[in-house]
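S.K.:
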Amino acid sequence: MSAEPILQINELKTHFHTERGRVTPVDGVSLEVGRGEIVGIVGESGCGKSATAQSVLRLFDEKRLASYEGEIRFGGRDLLGLTPKQMRGVRGNEISMIFQDPLSSLNPVYTIGGQIVETLRLHRPIGRKEAAAKAIELLRLTGIPAPERRAREYPHQLSGGMRQRVMIAIALACEPRLLIADEPTTALDVTIQAQILELIQDLNRRLGMSVMLITHDLGVVAETCSRVVVMYLGQVVESGDVRDVFKAPLHPYTIGLMKAVPRLDGDRKQELPDVPGSVPPLHQIPQGCRFAPRCAFADDKCRSAMPELAALPGSDTRVRCWHAGRIAGTED
Amino acid sequence: MPLLDTNTPAAFDSDDARLRLKRENRKLFARRFVANKSAVIGSALIALIAVVSLFAPWISGRDPYGLDVVNRLKPPSSAFPFGTDNFGRDLLTRVVYGTRMSAEVGFAVAFASSLIGLVIGLYAGYIKWLDQILMRVMDGLFAFPAVLLAIAMMAALGPSVGNLIVCLTIVFVPSIARIVRSSALVSKEQTYIEAMHALGASRNRIIWKHIMPGALSPLIVQGSFVFAEAIIVEAALSFLGAGIPAPTPSLGNLLSDGKLFIYNSSWMTIFPGLALVLVVLAMNLFGDGLRDLLDPHARRAGKKR
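Protein chains in written order, with the UniProt record's numbering: chain A, 1 to 332; chain B, 1 to 305.
(1) By DSSP, does A:THR52 sit in helix, in strand, or in coil?
(2) By DSSP, does A:VAL38 sit in helix, in strand, or in coil?
(3) Distance check for A:ARG121 and A:GLY256, CA to CA, integer angstroms please.
(4) With DSSP run on the structure shown, which of helix, strand or coil describes B:PRO213?
(5) How many angstroms separate the CA atom of B:GLY125 from the CA atom of A:LEU57?
(6) Please name the residue in A:GLU94, A:GLY208, A:GLU153, A:ASP241 whose C-alpha comes closest to that of A:GLU223.
(7) Compute the Euclidean distance between the alpha carbons of residue 309 of chain B and B:ASN253, then round it to the nearest angstrom.
(8) Tell me which residue opens and which closes the alpha helix (DSSP H) that A:LEU178 is part of.
(9) Given a threshold of 16 other Cβ atoms within 10 Å of its Cβ, counted over all protein chains shown, does B:ALA143 qualify as buried or as exposed?
(10) Using a Cβ-Cβ cut-off of less than 7 Å, give me the residues of the segment 113 to 139 of chain A that come near chain B, in sequence order.
(11) Which residues does DSSP list as the beta-bridge partners of A:GLU32?
(12) Indicate the three-state DSSP secondary structure (helix, strand or coil) for B:PHE144 in the structure shown.
(13) Beta strand (DSSP E) containing A:ASP241: first to last residue?
(14) Buried or exposed: where does residue 306 of chain B fall if 16 or more other Cβ atoms within 10 Å of its Cβ makes it buried?
(15) Indicate whether B:PHE82 and B:LEU73 have their beta-carbon atoms separated by less than 8 Å.
(16) For B:MET138, which residues in the same chain have their Cβ closer than 6 Å to its Cβ, ignoring the five residues on either side in sequence?
(17) Indicate whether the contact test is met: 3 or more Cβ pairs, each with one atom in the segment 255 to 275 of chain A and one in the segment 310 to 324 of chain A, closer than 8 Å.
(18) Per DSSP, A:MET97 forms a beta bridge with which residues?
(19) Would you call B:TYR123 buried or exposed, if buried means 16 or more other Cβ atoms sit within 10 Å of its Cβ?
(20) I'd like the list of long-range same chain contacts for B:LEU134, defined as Cβ closer than 8 Å, with 5 residues on each side in sequence excluded.
(21) Is A:ALA66 closer than 8 Å to residue 333 of chain A when the C-beta atoms are compared?
(22) Measuring CA to CA, which of B:ALA108, B:SER77, B:ILE49 is closest to B:VAL95?
(23) Just to confirm the assignment, what range does the beta strand (DSSP E) spanning A:ALA187 have?
(24) Answer with buried or exposed for B:PRO64, where buried requires no fewer than 16 other C-beta atoms within 10 angstroms of its C-beta.
(25) So A:ILE170 contacts chain B; which residues on that side make the cut at Cβ distance below 9 Å?
(26) Using 10 angstroms around the beta-carbon of B:LYS303, count the other beta-carbons present and answer buried if the total reaches 16, otherwise exposed.
(27) Return the residue from the list A:LEU139, A:ASP300, A:LEU12, A:SER104 that minimises the CA-CA distance to A:ILE72.
(28) Nearest CA to the CA of B:GLN259: which residue from B:LEU240, B:ILE244, B:ALA275?
(29) What is the DSSP secondary structure of A:SER315, reduced to helix, strand or coil?
(30) For chain B, check one thing: does any of its Cβ atoms lie closer than 8 Å to the Cβ of A:VAL109?
(31) Going along chain B, which residues have a C-beta under 7 Å from A:SER105?
(32) Which class does B:GLY289 belong to by DSSP, given the choice of helix, strand or coil?
(33) Which residue wins for smallest C-alpha separation from residue 394 of chain A, given the options A:ARG205, A:ARG165, A:HIS156?
(34) With A:ILE126 as the anchor, note down where its beta strand (DSSP E) starts and where it stops.
(35) Per DSSP, which residues does A:VAL229 bridge with? Please list them.
(36) Can you give me the C-alpha to C-alpha distance between B:ALA198 and A:PRO125, rounded to a whole angstrom?
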């Protein structure tokens, strides 16, 4: 990782003000994405992965009553301090985002090409002709066959995988420095998943574009990311190099997630272990360590006090657990 | 179905292919339109009314204000197909001009309230804090019966055609705004709207380019119903003397004139009444037909029956 990260989130808190009171889906998240790096963010549904990603682009500003605390440093600025107009100049231009469901991410009433042209012309002072040529080039870049023809088609004429490629083409239109991919492969079937991930990796290498990859699929993280951030209930519980975390996970939640992945050499008759219980709703956050009610290691200390996210001595992995040392086997 | 061929020129917005697609779509729409009886009958009637209104001076050749005291209250005859009124004015001429006046008011009201309702509905649907304000105002307007609200405003502004159009527009804006707002609320939640937002599109761009098209078909349908309703309310107001001032023929004024003579000269009531029924029926049939054509869900439900 190079010296200065492209995106650095410090103690970010995102509050939603709802009719039932204030909830905080992102509660003190700190993470960074280095230049040209792919960082995976994993966790179950409702862990605040998407909320974190959408906070980076401040997508909640209009949709709901939201307020932010902390700092999101990108390209030497704090994104939380930008005016709405400055923020529009960042979205789709310096940071792009692709969504989980490519089937509904494209407007059904405009052609594919038209939608790429629109994005280009939002941020670049170029004419229609030039933008159209660039659009075809982008479609070709994302591996869409016969891009001239595809550009004229409407979203319903394309398959899911094709549409996700189009979404990527749109996201790349203005050559962003950071791509946020929010479960880009969840709605696609497995062979297409692999192709899309390969495409993202390829673009990452060729264009030097950093990627923040949100997923709940640990296999995807292992294959594509260099670093991983595990989130639980709006907090980072473990973060570090992919190889380190996968070889020796330190947080009970990470361990649970790993065990829940089926293994080729595993016993097929045995039931797959899962993480017991489910993610509690945001207005019922447990005291102390948030994972304690579902954790096999939990004791009284866990139930009363929240551990800090910290690295164990001699390790680069940061973990938020009182018992990390015991789990790592360096103490008992 | 040769919607696309494989060797088209490089520029993707080739007019050729786009035109062909448009032609296909138009053909398809025309076929569905012809199959829809109420749309066909409604639009035929509207065409008839439009022709009559446009060519009013040539149809009867008489002056709608021309008094002819000798021929007072004459029953329908070959000289006066609809008879004459208590001042001897030719009723056919007055019905034709009255229909024209009513249609003009109806169209102006439908157009103005659609435009204003569209703007209010879109912004209320997309911007949450505005929604609270705008829709409470709309609810307030909605709480009054249409005729009552119109009478109150007419009393305040004074009777004239212009004021009538203004009043009726205010009366009908809420119903349009509601329809547009509900459509905007649905579109707003679509991922592609969020995607546009994430790509840096401004609020106005999202509203007008990406949300507005989805609201157009319900708007057009509701607009045609407002057209019909505005004509009814206009007639009611004129009948009560709070609408278009007296000598100007409008369907409501004619009915009002006829009510004194309803026992002896019923034609003074029958013909304007029939004209009113015809105009409103035409608009409603047309609106129903359009709804079936433009809303895929209504179409499917209609087939099942």
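From the three backbone atoms N, C-alpha and C, an ideal C-beta is built for every residue, glycine too.
M.R.: In short:
(1) For the purposes of this step, residue 52 of chain A is taken as residue 52 along the first sequence, with counting starting at 1. A:THR52: helix per DSSP, three-state reduction.
(2) Within the first sequence, numbered from 1, the residue matching residue 38 of chain A stands at position 38. At residue 38 of chain A the sequence reads Ile, which differs from the Val that was named. A:ILE38 falls in the strand class under three-state DSSP.
(3) In the first sequence, counting from the first residue as 1, residue 256 of chain A sits at position 256. In the first sequence, counting from the first residue as 1, residue 121 of chain A sits at position 121. C-alpha separation (whole angstroms): 47 Å.
(4) Taking the second sequence and counting its residues from 1, one reaches residue 213 of chain B at position 213. B:PRO213: helix per DSSP, three-state reduction.
(5) As a first step, residue 125 of chain B must be located in the second sequence, where it is residue number 125. As a first step, residue 57 of chain A must be located in the first sequence, where it is residue number 57. Near 22 Å, if we compare the C-alpha coordinates of A:LEU57 and B:GLY125.
(6) Against the first sequence, residue 223 of chain A aligns to sequence position 223. Ranking the options by Cα distance to A:GLU223, first place goes to A:ASP241.
(7) Outside the modelled stretch of chain B, which goes from 1 to 305, sits residue 309 of chain B, for which no answer is possible.
(8) Within the first sequence, residue 178 of chain A is the residue found at index 178, counting from 1. A:LEU178 -> not in any alpha helix (DSSP H); beta strand (DSSP E) instead, spanning 178 to 182.
(9) In the second sequence, counting from the first residue as 1, residue 143 of chain B sits at position 143. By the neighbour-count rule (16 or more Cβ atoms within 10 Å), B:ALA143 is not buried but exposed.
(10) GLY113, THR119, LEU122, HIS123, ALA132, ILE136
(11) As a working note, residue 32 of chain A is residue 32 in the first sequence. Per DSSP, A:GLN8.
(12) Against the second sequence, residue 144 of chain B aligns to sequence position 144. Looking at B:PHE144 - three-state DSSP - the assignment turns out to be coil, as it is neither helix nor strand.
(13) Within the first sequence, the letter at position 241 stands for residue 241 of chain A. First-last of the beta strand (DSSP E) with A:ASP241: 235 to 241.
(14) Residue numbering for chain B in the displayed model covers 1 to 305; residue 306 of chain B lies beyond these limits and cannot be assessed.
(15) The residue given as residue 82 of chain B occupies position 82 in the second sequence. The residue given as residue 73 of chain B occupies position 73 in the second sequence. It is not a contact, given that the beta carbons lie outside the stated cut-off.
(16) As a working note, residue 138 of chain B is residue 138 in the second sequence. The residues are PRO174, ALA177.
(17) no
(18) Translated into the one-based positions of the first sequence, residue 97 of chain A becomes position 97. Per DSSP, A:ILE180.
(19) Counting from one through the second sequence, the residue named residue 123 of chain B turns up at place 123. Buried is the call here.
(20) Here residue 134 of chain B refers to the residue found at position 134 of the second sequence. ILE120, TYR123, ALA124, ALA177, listed in sequence order.
(21) Summary: the structure shown does not reach residue 333 of chain A, with chain A confined to residues 1 through 332, and so no result is reported for it.
(22) By one-based count along the second sequence, residue 95 of chain B stands at place 95. Nearest option by C-alpha distance: B:ILE49.
(23) Residue mapping note: residue 187 of chain A aligns to position 187 of the first sequence, counting from 1. Per DSSP, A:ALA187 belongs to no beta strand (DSSP E) and is neither H nor E.
(24) Position 64 of the second sequence holds residue 64 of chain B. The residue in question, B:PRO64, is buried, as its Cβ has 16 or more Cβ neighbours within 10 Å.
(25) Working through the first sequence from its first residue, we reach residue 170 of chain A at position 170. Chain B residues near A:ILE170: ALA195, LEU199.
(26) For the purposes of this step, residue 303 of chain B is taken as residue 303 along the second sequence, with counting starting at 1. Residue confidence for B:LYS303 is low, a pLDDT of 46 falling below 50, so the modelled location carries little weight; the figure read from the coordinates is stated next. Looking at its Cβ environment, which holds fewer than 16 other Cβ atoms inside 10 Å, B:LYS303 is exposed.
(27) Taking the first sequence and counting its residues from 1, one reaches residue 72 of chain A at position 72. Checking every option, the nearest Cα to that of A:ILE72 belongs to A:LEU12.
(28) Counted from its first residue, the second sequence places residue 259 of chain B at position 259. It is worth fixing the name first, because residue 259 of chain B is Lys in this sequence and not Gln. The option with the nearest alpha carbon to B:LYS259 is B:LEU240.
(29) Numbered from its first residue, the first sequence carries residue 315 of chain A at position 315. Coil, per DSSP.
(30) Within the first sequence, numbered from 1, the residue matching residue 109 of chain A stands at position 109. Yes, A:VAL109 counts as interfacial toward chain B.
(31) Mapped onto the first sequence, residue 105 of chain A falls at position 105. The answer, in chain order, is THR191, TYR192, ALA195.
(32) What you label residue 289 of chain B is simply residue 289 of the second sequence in a count that begins at 1. In the structure shown, B:GLY289 sits in a helix (DSSP, three-state: H, G or I).
(33) What the structure shows of chain A is the stretch from 1 to 332, and residue 394 of chain A is not part of that stretch, so it cannot be assessed.
(34) As a first step, residue 126 of chain A must be located in the first sequence, where it is residue number 126. Where A:ILE126 is concerned, there is no enclosing beta strand (DSSP E), given that its DSSP letter is neither H nor E.
(35) Taking the first residue of the first sequence as position 1, residue 229 of chain A is located at position 229. According to DSSP, which records beta bridges pairwise, A:VAL229 is partnered with A:ILE41, A:SER239.
(36) To locate residue 198 of chain B, count along the second sequence from 1; it is residue 198. To locate residue 125 of chain A, count along the first sequence from 1; it is residue 125. If I take the Cα positions, the gap works out to 19 Å.
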